[in-house]
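J.: According to my numbering, the stretch in the sequence shown is residues 91 to 288, in order.
For every residue, glycine included, the Cβ atom is placed at its ideal position computed from N, Cα and C.
In this text the structure is predicted, and so the values were computed from the model without any measurement.
This is the structure, below, for whatever I ask next.
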Amino acid sequence: MTMHFAHRPISIGLLLFPTVEELDFAGPYEVFANAGEEQEQAYCQVLTIGTAHEIRCRGGLRVLCDFLLEDSPRLDVLIVPGGPNARNCYNDERIAQTLRTYQAQGTIIASVCTGSFYLAYAGLLDQRRATTHPLRFDLFRQCFPQIELVEEKIIDEGNIVTAGGVSSGIDLALHFLQQWFGPEARKRAAKRLDGPWI
91 MTMHFAHRPI
101 SIGLLLFPTV
111 EELDFAGPYE
121 VFANAGEEQE
131 QAYCQVLTIG
141 TAHEIRCRGG
151 LRVLCDFLLE
161 DSPRLDVLIV
171 PGGPNARNCY
181 NDERIAQTLR
191 TYQAQGTIIA
201 SVCTGSFYLA
211 YAGLLDQRRA
221 TTHPLRFDLF
231 RQCFPQIELV
241 EEKIIDEGNI
251 VTAGGVSSGI
261 DLALHFLQQW
271 FGPEARKRAA
281 KRLDGPWI
C-alpha cells in the first residue's frame, strides 16, 4: 500500500534519552535524511527530540537535540529507539505523556528495538500486536502480558508501528519509504545502503 502525504518533506522526530542505542536512531536517520537525494528533492525532514538538550548514548556518543520533549513541534512520524533505559526505566511519565499527546494529534508512532517498552507503558500497544528485540521478548511479556507479542521484524498496525532489534530500524525506515513514496524509492534507498536490504 502506498500512502501519499499532501506535503513534503514529511516531518520525522527521533526521540532520544540517556543510553539510547546509537544504531536504533542513526540507521533510520541515514535512510530518511538521504531519501530523495538523487532527485535533488528532500523527502523527509528529520529532527531530534530529547529528554535533555544533550544526550549521551549507550556507546558514549553525545548528541545535541533540536528540541526538548516539552517544546517539540508537530510531527508526521515519531520514532522511539531502544536502549538500556527503555527496558529498565520505561515508566518515564514525561515520555509517556509525549507519546500520548502525539498520538492524539494523529502522529504515526513507531518504535525500534526496546523502544516498544515506552509505547507499551504509555498504553499505545493495548489491544494491538507488537514486536521488540528478540532477546527481550520474555521481559516484555512479564511487563506487559496484555499485549500480543509477535516474532516478526516489523508489525504495522497503521498509526502504530513496531520494529525488532537494533538494525531493524533500517528496515522500518525502508518500510515507511515504500509506503509513502512507492517501491522505487525504497529500492533507491536500499541500494545506497549497499547492504542486505537491496
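Restricting to runs no shorter than 3 residues, where is the beta strand (DSSP E) found entirely within the stretch 207-256?
T.: 244-246, 250-253
J.: Could you pull out every residue in the same chain whose Cβ sits closer than 7 Å to the Cβ of GLU120, ignoring the five residues on either side in sequence?
T.: Numbered from 1 along the sequence shown, position 30 holds the residue referred to as residue 120. No residues qualify anywhere along the chain.
J.: Rounded to a whole number of angstroms, what is the C-alpha to C-alpha distance between PRO224 and GLY103?
T.: Along the sequence shown, read from residue 1 onward, the residue named residue 224 stands at position 134. Along the sequence shown, read from residue 1 onward, the residue named residue 103 stands at position 13. Each residue's Cα considered, the two are about 25 Å apart.
J.: Tell me which residues share the same chain as ASP182 and place their Cβ nearer than 6 Å to its Cβ, disregarding the 5 neighbours each side in the sequence.
T.: If you number the sequence shown from 1, residue 182 lands on position 92. Cβ neighbours of ASP182 beyond the five flanking positions: none.
J.: Quick one: any contact between the stretch 142-154 and the stretch 217-234, if contact means 3 or more CB pairs under 8 Å?
T.: Too few Cβ pairs lie closer than 8 Å, so no.
J.: Do you know how far the Cα of CYS233 is from the Cα of VAL167?
T.: Start at 1 with the first residue of the sequence shown, and residue 167 comes out as number 77. Start at 1 with the first residue of the sequence shown, and residue 233 comes out as number 143. Between VAL167 and CYS233, the C-alpha separation is close to 26 Å.
J.: Between which two residues does the alpha helix (DSSP H) harbouring THR191 extend?
T.: Indexing the sequence shown from 1 puts residue 191 at position 101. Counting along the chain, the alpha helix (DSSP H) containing THR191 begins and ends at 183-194.
J.: Does the distance from the CB of PRO118 to the CB of VAL170 come in under 8 Å?
T.: By one-based count along the sequence shown, residue 118 stands at place 28. By one-based count along the sequence shown, residue 170 stands at place 80. No.
J.: Exposed or buried, which one is GLN268 when buried takes at least 16 other CB atoms within 10 Å?
T.: Here residue 268 corresponds to residue number 178 of the sequence shown, with the count starting at 1. Buried: at least 16 other Cβ atoms inside 10 Å.
J.: When DSSP labels each residue in this structure, what does LEU165 get in the three-state scheme?
T.: Residue 165 sits at position 75 when you count from the first residue of the sequence shown. DSSP places LEU165 in coil when its eight states are reduced to three.
J.: Going by beta carbon distance, what residues of the same chain come within less than 8 Å of ASN124, once the five residues before and after it are set aside?
T.: Within the sequence shown, numbered from 1, the residue matching residue 124 stands at position 34. Closer than 8 Å at Cβ, skipping near neighbours: ALA279, ARG282.
J.: Do you know how far the Cα of ALA200 is from the Cα of ASN249?
T.: Along the sequence shown, read from residue 1 onward, the residue named residue 249 stands at position 159. Along the sequence shown, read from residue 1 onward, the residue named residue 200 stands at position 110. Rounded to the nearest angstrom, the two C-alpha atoms are 8 Å apart.
J.: Leaving aside the five residues before and after LEU215 along the sequence, list all residues of the same chain whose C-beta is less than 6 Å from its C-beta, in chain order.
T.: Translated into positions along the sequence shown, residue 215 becomes position 125. Excluding positions up to five away in sequence, the list reads LEU209, ILE237.
J.: Looking only at its own chain, which residues have a Cβ that is under 6 Å from the Cβ of VAL136, when we skip the five neighbours before and after it?
T.: Along the sequence shown, read from residue 1 onward, the residue named residue 136 stands at position 46. The residues are ILE102, TYR119, PHE122, ALA123.
J.: Beta-carbon separation of ARG184 and LEU159 under 8 Å?
T.: By 1-based counting over the sequence shown, the position of residue 184 is 94. By 1-based counting over the sequence shown, the position of residue 159 is 69. Cβ atoms of ARG184 and LEU159: closer than 8 Å.
J.: Rounded to whole angstroms, what is the Cα-Cα separation between PRO108 and PHE157?
T.: Looking up residue 108 in the sequence shown gives position 18. Looking up residue 157 in the sequence shown gives position 67. Going by the C-alpha atoms only, they are around 15 Å apart.
J.: Do you know how far the Cα of VAL153 is from the Cα of HIS265?
T.: Position 175 of the sequence shown, counted from the start, is the residue given in the question as residue 265. Position 63 of the sequence shown, counted from the start, is the residue given in the question as residue 153. Cα to Cα, HIS265 sits roughly 26 Å from VAL153.
J.: Please state if the CB of GLU111 and the CB of VAL240 are separated by a distance shorter than 8 Å.
T.: Here residue 240 refers to the residue found at position 150 of the sequence shown. Here residue 111 refers to the residue found at position 21 of the sequence shown. No; because the gap between Cβ atoms is not below 8 Å, this pair is not in contact.
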